[in-house]
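In what follows, a structure is listed as structure tokens, so that the remarks can point back to it.
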Amino acid sequence: MILRSKVPGVAKCGFLILLLACASVVLSLFYFAKEEIENEDKPFEDELQYFPKPFLPFSREILDKNFDACLFAPLTLDLSGTNMTVETLFPTLAKQNASTAKILKIKNRPVFPVLKLFTDLMSLFRIDLVLIEPSVIFCMLSPYYKSLLLRRKFSFKDISSSKHVVTLGIRGIDAVILKKVSVKAKIKAYGFKMEIVKEPLLDWMEMENFTFSENHFISHAFFKHKDWIIHLVVFYERGNFLWHSSLKIPPNVKRAFGELNFAESASAYENFAYESLGFKEESLSFINIPSSPQYFLFEMENSKFLECNSTVVSSFLKLNRTGIPNKHSSLSVERFNKRTAVGLQELKAVFNPLLMHFWIWSGTMLGWYRQCGVIPYTSDVDFGSWASEVDDLDEVLHRLEKSEHLQLKQRMGIAEQ
24 MILRSKVPGV AKCGFLILLL ACASVVLSLF YFAKEEIENE DKPFEDELQY
74 FPKPFLPFSR EILDKNFDAC LFAPLTLDLS GTNMTVETLF PTLAKQNAST
124 AKILKIKNRP VFPVLKLFTD LMSLFRIDLV LIEPSVIFCM LSPYYKSLLL
174 RRKFSFKDIS SSKHVVTLGI RGIDAVILKK VSVKAKIKAY GFKMEIVKEP
224 LLDWMEMENF TFSENHFISH AFFKHKDWII HLVVFYERGN FLWHSSLKIP
274 PNVKRAFGEL NFAESASAYE NFAYESLGFK EESLSFINIP SSPQYFLFEM
324 ENSKFLECNS TVVSSFLKLN RTGIPNKHSS LSVERFNKRT AVGLQELKAV
374 FNPLLMHFWI WSGTMLGWYR QCGVIPYTSD VDFGSWASEV DDLDEVLHRL
424 EKSEHLQLKQ RMGIAEQ
């Protein structure tokens with residue numbers, strides 16, 4: 024399919040369906056209207072106005088009607104309403120644990136008591152936490168979203184070895200409070216033993232104007248209470264997305280804790296809002312979840328963050344003696360980058376609600392790798408998406424037609440053809 028933008032410029036997408044659906048968003052250099060052709064000598068004025076769409080607002084229908092059982096009862100993986108079985112996903116665990124075809128016990132005791140104690144404690148310091156424990160969030164989802172995530176190849180880490188761990192997210196600006204002497208004393212009084220993991224400051228943190236009192240930042244924190252471990256993942260705003268650090272886990276700690284989520288690599292996530300579960304009952308008021316819990320889980324698989332290699336960029340710029348242009352022929356760098364961002368934002372607005380993967384590739388990926396940005400002399404943005412994830416082509420087309428900035432121009436290479 025080929026898409027043309029309704030704003031000055033063109034966007035083109037082509038689904039070349041084999042195993043991969045390939046696409047290209049072409050950012051036009053000129054208007055195609057007759058009056059622009061007649062007045063091509065006049066200065067080009069870019070009047071593109073763009074307001075990003077609200078990102079996947081929370082809806083109670085996303086959650087199972089009895090989602091609170093995931094907190095108040097021993098946690099189980101319930102695959103009812105999906106076409107998956109416990110044996111299909113976890114053949115070893117199915118043999119080792121008492122389970123049925125659709126239900127697998129994950130945690131021996133309810134997470135609610137320790138979760139409420141800890142979130143109530145943090146509320147004393149006006150710290151909002153977000154529950155991001157994958158097994159608990161997955162348990163809360165409706166059968167439809169469980170099934171959709173499994174079709175999208177969502178998978179857990181070794182859930183059998185993390186029965187006593189609950190993972191929560193915290194903002195970097197709140198994490199610094201944990202270092203205060205009075206806060207440490209209160210945490211100890213509540214029966215928690217705290218361990219903070221610190222990392223040296225990164226260059227981009229100084230560029231983002233973070234205020235740090237020391238030359239390090241808090242990356243993760245752990246709180247032990249009886250047999251439970253609370254794992255706090257610290258998220259930092261980086262531009263318009265959230266970033267968290269990796270965590271090096273010593274072998275002896277790994278044996279004790281099991282596999283920890285959000286530790287293997289530095290990762291990036293959409294800058295999400297959160298929703299209190301207090302609408303279900305008052306005792307859940309301080310327990311928050313991402314406002315789009317299904318999308319948060321969907322992001323996990325491909326969240327690994329790769330820094331652009333500044334050494335490669337420096338080398339390219341020094342060795343570029345071939346006369347390759349370093350700027351666009353018609354648009355300023357700011358205008359050209361704005362059009363690129365709009366194209367990608369619109370694609371996200373189409374694909375993200377459907378939990379469909381897409382990624383930059385070809386010349387666009389080359390620009391990121393070689394120049395840490397968009398190739399300035401190009402006229403398109405290349406991306407790919409899996410054809411196998413097109414569950415409802417009509418729904419995809421409908422979302423494209425609703426776009427204010429993309430216009431369906433041509434269709435080609437549909438999967439069933």
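Numbering-wise (this note's numbering), the sequence shown opens with residue 24 and increments by one.
Even for Gly, the Cβ is constructed at its ideal location relative to N, Cα and C.
Distance CB(residue i)-CB(residue j) smaller than 8 Å
| i | j | result |
| --- | --- | --- |
| residue 359 | residue 382 | no |
| residue 134 | residue 98 | yes |
| residue 79 | residue 273 | no |
| residue 295 | residue 321 | no |
| residue 325 | residue 239 | no |
| residue 298 | residue 81 | yes |
| residue 125 | residue 108 | yes |
| residue 367 | residue 404 | yes |
| residue 311 | residue 157 | no |
| residue 220 | residue 270 | yes |
| residue 224 | residue 235 | yes |
Residue i (DSSP reduced to helix, strand or coil)
| i | result |
| --- | --- |
| residue 459 | This structure cannot settle anything about residue 459, because the visible part of the chain is limited to 24 through 440. |
| residue 365 | helix |
| residue 296 | coil |
| residue 159 | helix |
| residue 143 | helix |
| residue 423 | helix |
| residue 194 | strand |
| residue 334 | helix |
| residue 48 | Since pLDDT at residue 48 reaches only 46, below the 50 mark, its modelled position is unreliable, and the value read off the structure follows with that caveat. Here residue 48 sits in strand by DSSP. |
| residue 134 | coil |
| residue 371 | helix |
| residue 391 | helix |
| residue 54 | Bear in mind that the predicted position of residue 54 carries a pLDDT of just 30, short of 50, making it unreliable; the figure below should be weighed with that in mind. Of the three classes helix, strand and coil, the one that applies to residue 54 here is coil, per DSSP. |
| residue 200 | helix |
| residue 271 | coil |
| residue 359 | helix |
| residue 92 | helix |
| residue 109 | helix |
| residue 150 | coil |
| residue 406 | strand |
| residue 171 | helix |
| residue 324 | coil |
| residue 242 | strand |
Nonlocal neighbours in the same chain, by C-beta distance under 6 Å from residue i, ignoring five residues either side
| i | result |
| --- | --- |
| residue 250 | 187 |
| residue 253 | 141, 189, 246 |
| residue 210 | 217 |
| residue 268 | 222, 242, 289 |
| residue 101 | 126 |
| residue 255 | 191, 193, 244 |
Inter-residue Cα distance where the pair is residue i and residue j
| i | j | result |
| --- | --- | --- |
| residue 93 | residue 401 | 50 Å |
| residue 106 | residue 428 | 37 Å |
| residue 245 | residue 355 | 48 Å |
| residue 423 | residue 281 | 44 Å |
| residue 161 | residue 420 | 29 Å |
| residue 128 | residue 336 | 50 Å |
| residue 95 | residue 307 | 10 Å |
| residue 262 | residue 292 | 11 Å |
| residue 114 | residue 179 | 13 Å |
| residue 314 | residue 342 | 47 Å |
| residue 173 | residue 418 | 20 Å |
| residue 248 | residue 104 | 35 Å |
| residue 265 | residue 257 | 10 Å |
| residue 259 | residue 416 | 37 Å |
| residue 410 | residue 385 | 18 Å |
| residue 408 | residue 414 | 13 Å |
| residue 206 | residue 327 | 32 Å |
| residue 287 | residue 425 | 39 Å |
| residue 155 | residue 317 | 11 Å |
| residue 399 | residue 388 | 13 Å |
| residue 227 | residue 212 | 37 Å |
| residue 208 | residue 215 | 10 Å |
| residue 390 | residue 83 | 41 Å |
Contacting residues, own chain, Cβ-Cβ under 8 Å from residue i (five flanking each side not counted)
| i | result |
| --- | --- |
| residue 131 | 97, 186 |
| residue 150 | 193, 197, 200 |
| residue 392 | 331, 332, 335 |
| residue 159 | 93, 94, 98, 134, 189 |
| residue 202 | 219, 241 |
Cβ-based neighbour list, residue i, same chain, cut-off 7 Å, excluding 5 preceding and 5 following
| i | result |
| --- | --- |
| residue 394 | 336, 339 |
| residue 175 | 321, 378, 412 |
| residue 177 | 320, 321, 324 |
Below-8 Å beta-carbon distance, residue i vs any chain B residue
| i | result |
| --- | --- |
| residue 428 | This model lacks chain B altogether; it includes just one protein chain. |
Is the stretch 368-375 close to the stretch 330-337, with three or more CB pairs under 8 Å?
Contact between the stretch 368-375 and the stretch 330-337 is absent, with fewer than three C-beta pairs closer than 8 Å.
Would the stretch 163-177 count as touching the stretch 81-91 if we require 3 or more Cβ pairs under 8 Å?
Yes, the stretch 163-177 is in contact with the stretch 81-91.
Under 8 Å, with one C-beta from each stretch per pair, do the stretch 189-202 and the stretch 140-152 reach the 3-pair mark?
Flag = yes, the stretch 189-202 and the stretch 140-152 touch.
Pairing CB atoms from the stretch 124-139 with CB atoms from the stretch 288-303, are three or more of them under 8 Å?
The way I'd put it, the stretch 124-139 doesn't touch the stretch 288-303; fewer than three beta-carbon pairs between them come closer than 8 Å.
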